[in-house]
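Residue numbers (the numbering used here), protein chains in the order written: chain A, -11 to 273; chain B, 237 to 863; chain C, 10 to 123.
Glycine included, C-beta positions come from ideal geometry on N, C-alpha and C.
In this text, all values refer to a predicted model and were calculated from it rather than measured experimentally.
These notes concern the structure reproduced below.
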Amino acid sequence: MEIPYTISTRPDTGLWNAKIGIWLFLASEVMLFGGLFSAYIFLRIDAAPGTWPHGLLNVPVGTMNTAILIMSSVTVVLAWASLKMRRYRAYWWYMLITILCGVIFLTVKLAYEWPQKFEHFGAYIKPEALWKYEKYLGNQRRTEKGLEPRIEITGHLHSQNAKEYEVALDPVNAEPDNPAMDRPHFFPLPVTDKIANIEKEDVLRATMFLPTHNTYFASYFTITGLHGMHVLGGVLVFIYMWLPVSKRLYQRNPEHLANRVEVSGLFWHFVDLVWIFVFPLFYLL
Amino acid sequence: MDASTSIETHHEPHGHDAAHEHHELGWWRKYIFSTDHKVIGIQYGLCGLVFLFFGFCLMMMMRWQLAYPGQAMPVIGKWLPYIFGADSMPDGKMTPDFYNSLGAMHGTIMIFAGVVPLAFAAFGNFVVPLQIGAPDMTFPKVNAASFWAFAVGGVIMMISFFVPGGAAKSGWTSYTPLAAFSDTGPGHNPVFNGQTLWLIGFIFLISSSLLGAINFITTIIQLRAKGLTWMRLPFFVWAQFVTAFLLLLAFPPLEAAIVMQLMDRVAHTSFFLPSGLVVNGAPVSISGGGSPLLWQHLFWFLGHPEVYVLILPAFGIVAEILANNSRKPLWGYKSLVFSVLVIGFLSFIVWAHHMWMTGMGSAVSAFFQTTTLLISIPSVIILSAFFISLWGGSIRFTVPMLFATAFLPMFGIGGLTGIPLAFNSADLYLHDTYYIIAHFHYIVAPGTIFGLFAGVYYWFPKATGRKMNDFWGKVHFWPTLICMNVIFLPMFLQGMAGMHRRWYDGGQGWTVSNEHTIWGLTGFQWNQPISWAAWIMGLAQIPFIVNFFWSIWRGQKVNDNPWEATTLEWTAPSPPPHGNFIHTPVAYRGPYEYSLPGSERDYTMQNEPVEPAERTRRKPPAEPVLV
Amino acid sequence: MNNPPDISQDPKEYEEYAHGIQKHVRGYLMVGALLLTFTAITVALSYVDFGTRKANISIAMLVATLKAGAVAAVFMHLAAERRLIYRILIFTGFFVLGMFWLILLAWYDYPIYR
């Protein structure tokens, strides 16, 4: 029993089944990421001054990852075009590059970007104790300039005991009155070796940069995590379509393989599309 | 069997991917991991009925606590602690936490594991491909995946009863902050606790629905038989089509919100948790900055289309049965189609009427009040069209017709009692009272579930080749109808008197339940007759259950079209073989050509060609096309 | 930019067809280069201050939308897709934007518990 219009198009709609299926799926994915983006919007609107951080993510690395994903979008559509032109060798190479790009993207994210954050420490100072740490926060100058107050001290946690945290400060807390620290930098500045001792009783809340740290990181890890799962899913599907089993399908029915690659390619482009919005919202703005 | 069941115009290279009729499948591939839409439909149906029954049992337990609060449950009270844990019912007396679990899980299981799988997935899967003349769904493997995702989700929901702390107890709406902190702390596992399992199970249920929706929409668009234009589709197919779109687009924001609530519970994020929370006397160490109202918006963005998911398939089933048993076409087919499309569209922009009490400003409230009132119009059009369809018909009260006819006034009551709730001013008083419970239960219980019962009795012969017993069908129907009304009608009055929902003691401890009398009983005292009606209604389901299973093997054998119906599924053998049709059907006419003037029989099936003699009496129809 | 036409079953028309796809390949490469350029532009623009925070965000989102549009129109063949697909996407777009907008309308009516 053959299901009609799996490969050929139905005359009145001009579409084959999986084309409609994947676009319906992508429509639901738009709503899914829409829900997540709406959380981002409303959490950011509601964030108290100074609680929504800027410049904490590595922009060069993020830009490179964006470029890698864009490249993989190009190679996957070239892979599809190669199949339509019946050039299997070219298809195989383009698909391989696509897979590698996806793997690199995931590796950079999971083995570099995320662990970097997990080792970064931040302590929110209680409002009544902010004056004590003025030399790390520079709020007097910031209020004069009409900028948002700083209420957090960040850096690397050297050690802690029952009474205090010993923190190697980030440049923004080492030189809070330096005007260069008012805007995020393109190249991330390394942590300084200036040490600060922060009394635990002055601290509202102190954790590593985990999802629990603030709503910014909660959204960041959740959205990039879910996006990463979609990248992984796409990579796995592409691997299946690149293995020798695909060669057999190509020999039996090349158009069927081309359609499958097109459908997976559409999914992949959507994943790229989401990243195009995630990147500026979290890394740049 | 004819191998040329495809309608392609040119020869396809023969792919061997799909299962063939040439070689026999093993037992597991044939009955358990089947990709045949009929098997999957039956799997959904049986599982859905089991969950429906379980959800019903949860309610019967709740009704004991409401009628006789604080008293030990007789007979089964001794045994329940062995099933649900000693903390649930010490000495057979229900704890408030256990009552809340029953309430939350009754709602969740009935809606997401009972009604939606039955109404949409079971009936849709079995009937829709047959009604459009298709050999199967467009994506059979995805179909199987969607069933198994549902099964896993349902099992996770059931498992949640047996973990320390018991099942989720924060309402089926799972509002934060309560839902984020419930089932945490000493004595609870960080992941295997009721509330977290509820969230995880839900993700499976949602994914199942999404996959199913994709299948339905694509199938209805692509696999309609030749000649079956959009305006010749049975109304049931239209209803399933719109329902699928509702599921496709409304579920994902809730899935996003559930992932976020899961993060709140497991990773201690603060998506939905504001600053300054104090739990059990101590401030919680979270970042805060989140919003409980964001959860409500995202939840109800699904929550409202969800209620249309619950009713539209039932509209479709009732439509088929009314036409069939009044032996005349449905009145106002075009308005029915138009109305169901408008309902689908509007249902996405009314959700905040579930949130009147949250303090929205007047501008936004005015918008939602307007759209909510607007959406009542197509619903009334549909109900009116159904009523008018009966006028002048030769009505025969078969068992499906009994349920379908009863659906009309019952849904009418449910729907009309919703109109006051469209106004935030009236809802100020009625919100979270028993009025609300009565309103939505009238729609779902003597509404949708009656539609589902009607569908079971109606399509049983197509699935099995045998009819269910008529006498026991009537024994099932009458007590169920009467009990439904005894249960839910007084609830309107309880609600208007001020009795709140989700009160563990049934209102006994509240003045408002003990002050006024309604028809001689106080609000609280009404709990007793309501509970007795619920238990009697439970007994009335026994004939249905026995009838159902007995008739599969011993029911009266019938031919392929025992109801003398017109739609395409009745041209297939009963039960249909793999591939469904011996000859691919072609549709020449509309779906409800009953009592066609000049015809010998009082029904003319959709695949009967139009005779020249017929042509002279009406406009010449277009040639069968794919449109 | 048109969708490459559906492959013909007739091997004789292959040559012509394969040649036709070549033209689309150039288009894909050009759009790919465009996207990389616009990524660099996005990053560069984020270091320019356009006055208010709203302006900065709007400009970044505008650039992102242009990039997304290019991916959708060219890589996803949307520019030459069928009406049915357009209809599905237009409804989806309407509902997701409606969801944002309606929640936003209500948002400032609520007290914020910071």
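- Collapsing the DSSP output to three states places A/G143 in a strand.
- Counted as a single uninterrupted DSSP element, the alpha helix (DSSP H) harbouring A/I264 occupies residues P242 to F267.
- According to the DSSP secondary-structure assignment, B/K274 is paired through a beta bridge with no residue.
- Within chain A, not a single residue places a beta-carbon under 7 Å from that of C/T61; the smallest gap is close to 12 Å.
- By the CB criterion at 8 Å, B/T653 and B/V351 fall outside the cutoff.
- Against chain C, the beta carbon of B/H533 has neighbours under 7 Å at I112, listed in chain order.
- For A/I186, the secondary structure class from DSSP, reduced to helix, strand or coil, is strand.
- Looking at the DSSP output, A/A156 shares a beta bridge with A/H144 and A/I183.
- With respect to chain A, the C-beta atom of C/F109 has a partner C-beta closer than 8 Å.
- B/H736 is bridged by DSSP to B/T669.
- If you check each beta-carbon in the region 88 to 107 of chain C against every beta-carbon of chain B, the ones closer than 9 Å belong to L93, I97, F100, T101, F103, F104, V105 and G107.
- Boundaries of the beta strand (DSSP E) around A/Y112: F109 to I113.
- The region 572 to 579 of chain B makes no contact with the region 376 to 394 of chain B; the number of CB pairs closer than 8 Å stays below 3.
- DSSP, read as helix, strand or coil, puts B/I754 in strand.
- B/P519 carries a strand assignment under DSSP once its states are collapsed to helix, strand and coil.
- Around the C-beta of B/I494, 16 or more other C-beta atoms lie within 10 Å, and the residue is accordingly described as buried.
- Residue environment for A/V160: buried (at least 16 other C-beta atoms within 10 angstroms of its C-beta).
- At a cut-off of 8 Å between beta carbons, C/V80 contacts chain A.
- Taking 8 Å as the CB threshold, C/S55 lines the interface with chain A.
- The residues Y280 and G448, in chain order, have a CB closer than 6 Å to that of B/A357 in the same chain once the five nearest residues on each side in sequence are set aside.
- Rounded to whole angstroms, the gap between the alpha carbons of B/I457 and C/L38 is 35 Å.
- The secondary-structure analysis by DSSP pairs B/Y267 with nothing; it has no beta-bridge partner.
- The beta carbons of B/A492 and B/L534 sit about 7 Å from each other, so the pair counts as a contact at 8 Å.
- When Cβ pairs closer than 8 Å are counted between the two stretches, the region 366 to 373 of chain B is seen not to touch the region 562 to 573 of chain B, the count staying below three.
- The CB of B/L664 never comes closer than 8 Å to any CB in chain C; the least such distance is about 16 Å.
- Shown here, A/M196 sits in a strand according to DSSP, grouped into three states.
- Below 8 Å, too few C-beta pairs join the region 259 to 274 of chain B and the region 723 to 736 of chain B to call them touching: fewer than three.
- Here A/N202 is buried, its C-beta having at least 16 other C-beta atoms within 10 Å.
- The C-alpha of A/L66 lies about 11 Å from the C-alpha of A/V249.
- Counting only residues of its own chain and dropping the five nearest sequence neighbours on each side, B/L666 has a CB closer than 8 Å to the CB of P656, L657, I672, G731 and M732.
- Secondary structure in the region 776 to 846 of chain B: no beta strand (DSSP E) run of 3 residues or longer lies completely within the stretch.
- Between the region 551 to 560 of chain B and the region 620 to 636 of chain B there are three or more C-beta pairs closer than 8 Å, enough to call the two in contact.
- Closest in alpha carbon position to B/S444, among A/S16, A/F209 and A/W80, is A/S16.
- For B/M499, the neighbours in chain A by C-beta distance under 7 Å run, in chain order, P199, A206 and T210.
- Proximity of chain A to C/T51 at the Cβ level (cut-off 8 Å) is accounted for by F267, P268 and L272, in chain order.
- Take A/D158, set aside five residues on each side of it, and the residues of its chain with a beta-carbon closer than 6 Å to its own are T142, G143 and V179, in chain order.
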